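So the sequence shown is numbered by the numbering used here: it starts at 1 and just counts up by one.
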Amino acid sequence: MNAGPREPLIPDEAFFTNGKPRIVSIYSYWKERCGVRSMPRRSDIDPTEFTEHLPGIILIDVERDRNNGPVDFRYRVVGTREVANRHRDPTGKTVEDGFFAESVSAALCSYNSVCLHRAPIFEPVSFVSKEGVPVHEDSIMLPLSENGTEVSQILVYSESHDNITPIELQRFIADSEIGAKTYPLTPLPKRSHLE
Numbered sequence: 001m002n003a004g005p006r007e008p009l010i011p012d013e014a015f016f017t018n019g020k021p022r023i024v025s026i027y028s029y030w031k032e033r034c035g036v037r038s039m040p041r042r043s044d045i046d047p048t049e050f051t052e053h054l055p056g057i058i059l060i061d062v063e064r065d066r067n068n069g070p071v072d073f074r075y076r077v078v079g080t081r082e083v084a085n086r087h088r089d090p091t092g093k094t095v096e097d098g099f100f101a102e103s104v105s106a107a108l109c110s111y112n113s114v115c116l117h118r119a120p121i122f123e124p125v126s127f128v129s130k131e132g133v134p135v136h137e138d139s140i141m142l143p144l145s146e147n148g149t150e151v152s153q154i155l156v157y158s159e160s161h162d163n164i165t166p167i168e169l170q171r172f173i174a175d176s177e178i179g180a181k182t183y184p185l186t187p188l189p190k191r192s193h194l195e
C-alpha cells in the first residue's frame with residue numbers, strides 16, 4: 001500500500017449511488033452534524049441515531065504533543081464486530097498496539113491523513129490479518145473537532161465485503177491456530193441488519 005497521505009473523500013454521484021448503504025448513511029449523518037462547520041464536535045454525535053452501525057464503529061482519540069501535533073491515536077470505543085475481527089479488544093490501546101490493517105504504518109497513515117486534511121477519508125482495503133484471515137472491507141474515517149480547527153477524535157465505520165459474522169470469524173481463527181483449517185471461510189448471504 002502506498003505510504004503517502006490518503007486523499008480526502010470527495011463524495012460524488014457514484015459514491016451516493018454505488019456505495020455501501022451504511023457507509024453512505026454514516027457519512028450523510030456526519031455531514032448533517034457538521035452544520036456550517038467543517039467538522040462536528042463529539043457531542044453532536046448521538047450513537048442512538050445509528051444503532052445498526054454500532055458493531056462496526058470505532059472511536060479514536062487523537063492525542064497531541066505540546067505543539068498540538070498528533071502524536072498518538074488511541075482506541076476509545078470499539079464495536080463488537082471490530083473486536084471479533086481483531087480476535088481481541090483494543091479499547092484503551094494505541095493504534096500501534098491494536099491496529100487492524102495491512103501494517104501499523106498503513107493504519108497510522110490513514111489516521112494522520114484525516115488529521116492533515118481535516119476531512120473524511122474513504123478506503124477500500126484488502127489485507128491478511130495477523131491471524132491469517134483475509135480481509136476485504138470498506139472503511140470511512142470521519143473527523144470530529146472540539147475547537148473547530150484540529151481533529152480531536154476520528155469516528156470510523158468499516159463494513160466487510162465478505163459479510164462474515166463474528167462467530168464464523170472466531171471459528172476460522174481458532175481452527176487456524178490449531179492447524180485444522182478445515183472450516184471454509186465463505187461469504188454469507190446479505191443480511192438486513194448487522195449482528
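Virtual Cβ for every residue (Gly too), placed ideally from N, Cα, C.
Small disclaimer: the values here were computed from a predicted structure and weren't measured.
Where residue i falls, given that 16 or more other Cβ within 10 Å makes a residue buried
i    : result
R37  : exposed
E7   : exposed
A84  : buried
S139 : buried
I167 : Summary for I167: the model assigns pLDDT 49, below 50, so the residue's position carries little reliability; its value from the coordinates is reported in the next sentence. Per the 10 Å Cβ criterion, exposed.
S126 : exposed
R33  : buried
E49  : exposed
Candidates the options, of which the one nearest residue i by Cα
i    : options               : result
H53  : K130, F100, I23, E102 : I23
N112 : K31, P143, E13        : P143
M198 : S145, E63, R74        : Outside the shown range of the chain (1 to 195) lies residue 198, about which nothing can therefore be said.
G92  : V104, T80, R86, R76   : R76
L124 : K20, D12, V114, D61   : For the record, residue 124 in the displayed sequence is Pro; it is not Leu. Comparing Cα positions, the closest option is K20.
E159 : S152, Y29, H136, C109 : H136
Contacts around residue i, its chain only, beta-carbon distance under 7 Å, and the 5 residues preceding and following it disregarded
i    : result
A107 : V95, F99, A101
6 Å CB neighbourhood of residue i in its chain, flanking five on each side removed
i    : result
Y157 : I26, H53, G56, I57, I140
V128 : P134
T80  : P55
W30  : L142
Sequence-distant residues of its chain with Cβ nearer than 8 Å to residue i (five each side left out)
i  : result
L9 : F15, Y27, A119, P120, I121, F122, I140
In DSSP terms, what residue i is bridged to
i   : result
L59 : V77, L155
Could you pull out every unbroken beta strand (DSSP E) segment of at least 3 residues lying fully inside the region 74 to 161, listed in chain order?
-> 121 to 128, 134 to 144, 153 to 160
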